[in-house]
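The structure under discussion appears below in the form of structure tokens.
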Amino acid sequence: MRQRDPELNYCPVCDEEYRSDIKRCADCAVELVSGQVKIAAEQGLMAKKSARSMELSENDDLVNIRKGTLLEMKKLQQLLAKEYIPSLIVGEKSGNCGKGCCGTELFLQIKRADGEEALAILAKDFKRTTGLDHHDLSHAGAVYNPDAGQTVCPACGFRFSPTTSTCPDCGLCFG
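In the numbering used here, the protein residues as written are 1033 to 1207.
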């Protein structure tokens, strides 16, 4: 855990620290929280995490949350273990294709009660590793409509006449 100064302010989104006279984050434009509040919240979260049992028993209600190779499942298992969420890697009951060309597909299982928190952790890691949290996705829902008078490119947000099947700004092809 990072060392916190109770005299400073912290951004709840990007975790940057600021002098006590600054009230808003320059990057995120959100109100800062005091170091005392941040320290108390982190201590409460740490107490909650450390109270969890890392033991799994046969009576636990386990659910599959991911399927993949052993290397992928071990990486995700380590990620969850850092947050004190126990997990189990299990193989498919049917095995693999039997021809020797397919790798074994494994499942990562967790307690059903830890499901929401585990999925949030995995989603946060996915965004971090793919860089999706640094991209503007506001135009991702745009649809190229060749019958409209003007359309929006879903990749870059550029508005253009649909007389061409390629975005004049980024080159995305629609045809």
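The C-beta atom is built at its ideal place from N, Cα and C for all residues, glycine as well. Here the structure is a predicted model, which means the values were calculated and not measured.
Which class does residue i belong to by DSSP, given the choice of helix, strand or coil?
i	result
Arg-1160	helix
Gln-1010	The chain is shown only over 1033 to 1207; residue 1010 falls outside these bounds and no answer can be derived.
Glu-1104	helix
Glu-1148	helix
Mind checking which residues open and close the alpha helix (DSSP H) that includes residue i?
i	result
Ile-1071	1067 to 1082
With a cut-off of 8 Å on the beta carbons, I'd call residue i and residue j a contact; round off their distance for me.
i	j	result
Gly-1147	Thr-1136	Contact flag wrong, Cβ pair sits at about 24 Å.
Lys-1070	Tyr-1042	5 Å
Ile-1205	Ser-1197	Correcting the residue identity first, residue 1205 is Cys in this sequence and not Ile. Indeed, because the Cβ distance is near 6 Å, the residues count as touching under 8 Å.
Lys-1099	Phe-1139	5 Å
Could you please give the first and the last residue of the uninterrupted beta strand (DSSP E) stretch that includes residue i?
i	result
Leu-1120	1119 to 1123
Lys-1055	From DSSP, Lys-1055 is part of no beta strand (DSSP E); its letter is neither H nor E.
Leu-1094	1094 to 1100
Quick check on the burial criterion: 16 or more other C-beta atoms within 10 angstroms. Buried or exposed for residue i?
i	result
Cys-1142	A quick correction: the sequence has Ile, not Cys, at residue 1142. Per the 10 Å Cβ criterion, buried.
Met-1105	buried
Ser-1119	buried
Ala-1152	exposed
Ala-1061	exposed
Leu-1064	buried
Residue i: which of the options sits nearest, CA to CA?
i	options	result
Leu-1236	Ser-1089, Ile-1121 and Pro-1194	What the structure shows of the chain is the stretch from 1033 to 1207, and residue 1236 is not part of that stretch, so it cannot be assessed.
Ala-1180	Ser-1193, Ala-1174, Asp-1201 and Met-1086	Ser-1193
Ala-1073	Arg-1191, Leu-1088 and Asp-1047	Asp-1047
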